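A.B. asks: Sharing a structure with you now.
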Amino acid sequence: HGITCHSNRMDIYLEFDESFDGIIFADHAYNDSGCRWEGQHSTKINFTIPIFESNGSYACGIRMLQVN
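Numbering-wise, the numbering used here puts 1251 at position 19 of the sequence shown, and it's gapless, one number per residue.
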């Protein structure tokens, strides 16, 4: 399991102890199919969360915050 961050996306890899048939979604973005992923009765799931839309706005409710 893990997360790899890129400038335009986050690649997510999750493993479960049992088969997963649920839904994973970005907070406040359930209705956006590009921000929602369904388990396929597997113990593993890979998905990518986009950071930007094609028009340059933030995708999936993502907000960038500068940390000092």
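Positions of the beta carbon are idealized from the N, C-alpha and C atoms, including for glycine.
Note that the structure is a prediction, hence the values are computed from the model and not measured.
Between Ala-1302 and the rest of its own chain, which residues show a CB-CB distance below 6 Å, the 5 nearest in sequence each way excluded?
C.D. replies: Residue 1302 falls outside the range modelled here, since the chain spans only 1233 to 1300, and no answer is possible.
A.B. asks: Measuring CB to CB, does Ile-1235 end up less than 7 Å from Phe-1279?
C.D. replies: Taking 7 Å as the Cβ cut-off, Ile-1235 and Phe-1279 do not qualify as a contacting pair.
A.B. asks: DSSP puts Leu-1297 in a beta bridge; with which residues?
C.D. replies: Paired residue(s): none; Leu-1297 is not in a bridge.
A.B. asks: If you count every other CB in all the chains shown that lies within 10 Å of the CB of Ile-1255, and 16 or more means buried, which is it?
C.D. replies: Classification of Ile-1255: exposed, given that the 10 Å Cβ count is below 16.
A.B. asks: Using the Cα positions of Arg-1295 and Phe-1284, report the straight-line distance between them to the nearest angstrom.
C.D. replies: If I take the Cα positions, the gap works out to 10 Å.
A.B. asks: Starting from Gly-1234, trace the beta strand (DSSP E) both ways and give me its first and last residue.
C.D. replies: Taken as a continuous stretch (DSSP letters only), the beta strand (DSSP E) holding Gly-1234 covers 1234-1237.
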